[in-house]
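Enquirer:
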Amino acid sequence: MQKLGADFFTRDVLIVAPELIGRIIQIKTDKKVENFRITETEAYRGEEDLACHARKGKTSRTAPMYETGGILYIYLIYGMHWMLNIVTAEKNNPQAVLIRGVAQYNGPGKLTKRMGINKKFNYLKIYDSEQFQLFDDGFSPNIAAGKRIGIDYAGEVYKNKAWRYFQSE
DNA sequence: TGAGTGATCGTA
DNA sequence: ACGATCACTCAC
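Under the working numbering, the first residue of the first sequence is numbered 420, with each subsequent residue one higher.
(1) Near A473, which residues of its chain fall below 6 Å by C-beta distance, leaving aside the five closest residues on each side in sequence?
(2) Could you tell me the distance, in whole angstroms, from the CA atom of N454 to the CA atom of L495?
(3) For the region 427-440 against the region 489-507, do three or more pairs of beta-carbon atoms, one drawn from each stretch, fall closer than 8 Å, so that the two count as touching?
(4) Taking G569 as the reference, which of V452, L517 and I490 has the closest Cα?
(5) So what does DSSP say about E453, is it helix, strand or coil?
(6) How do the region 543-560 and the region 521-530 stand: do at least 3 beta-carbon pairs fall below 8 Å, yes or no?
(7) Compute the distance between the beta-carbons of Q586 and T458, then report whether it is under 8 Å.
(8) For a test of the three-state rule: what should DSSP assign to Y546, helix, strand or coil?
(9) Assuming D426 is part of the beta strand (DSSP E), what are its boundary residues?
(10) Beta-carbon separation of Y584 and A470 under 8 Å?
(11) Which same chain residues, not among the five before or five after P527, have their C-beta less than 8 Å away from its C-beta?
Spelled out as structure tokens, the structure:
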């Protein structure tokens, strides 16, 4: 189990998002340690990407995406579901990877509920943290790409980008 | 296919 | 202050 370091995250989101498939999220609480293998991700890439929250610039909500890669970006959607994102790229380049599925828990809202992720994890530094860490155990699945989900508003070009990555047979 | 749910942001 | 929006989920 190799821990992913700061350098892993300071690259373009289109590199990091597929490389996160097969990696392991480790959640540590005072009660237990649990591992979740990532099976599905989506890339959101800068202010030009009309599907990315940063399309309207920097606000208090989107500010985490403007930080140096390697921190978490957490927000609530539809008043119910916490979304788990990993910020990538250099400072002031707003990019993030949405964790859309882990083994046994598909769906971005379901996995955060299962993991106990909430707003307290916003801005958390992954490579510096005890409670949320990412590991590589050498597993290298086949990876497929497809269109992102739930972004029909994003315009013809960006809604059709194949920036969703998932483990294939 | 549509209801539930509340933080966020643009408009005043 | 208000209203529209929303990277979802589950039950019909």
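Just so you know, even glycine gets a beta-carbon here, dropped at the ideal spot from N, CA and C. Everything numeric in this text was worked out from a predicted model, so none of it was measured.
Expert: Working from what's here:
(1) E466, T481, M484 and P513
(2) It is roughly 23 Å from the alpha-carbon of N454 to the alpha-carbon of L495.
(3) yes
(4) For the options V452, L517 and I490, the alpha carbon positioned closest to that of G569 is the one of L517.
(5) strand
(6) no
(7) yes
(8) Helix at Y546.
(9) Run containing D426: none in the beta strand (DSSP E); it sits in the alpha helix (DSSP H), A425 to F428.
(10) At a Cβ-Cβ threshold of 8 Å, Y584 and A470 do not count as neighbours.
(11) The beta carbon of P527 lies closer than 8 Å to those of H500, M502, L503, L517, I518, R519 and G520 in the same chain, with the five residues before and after it left out.
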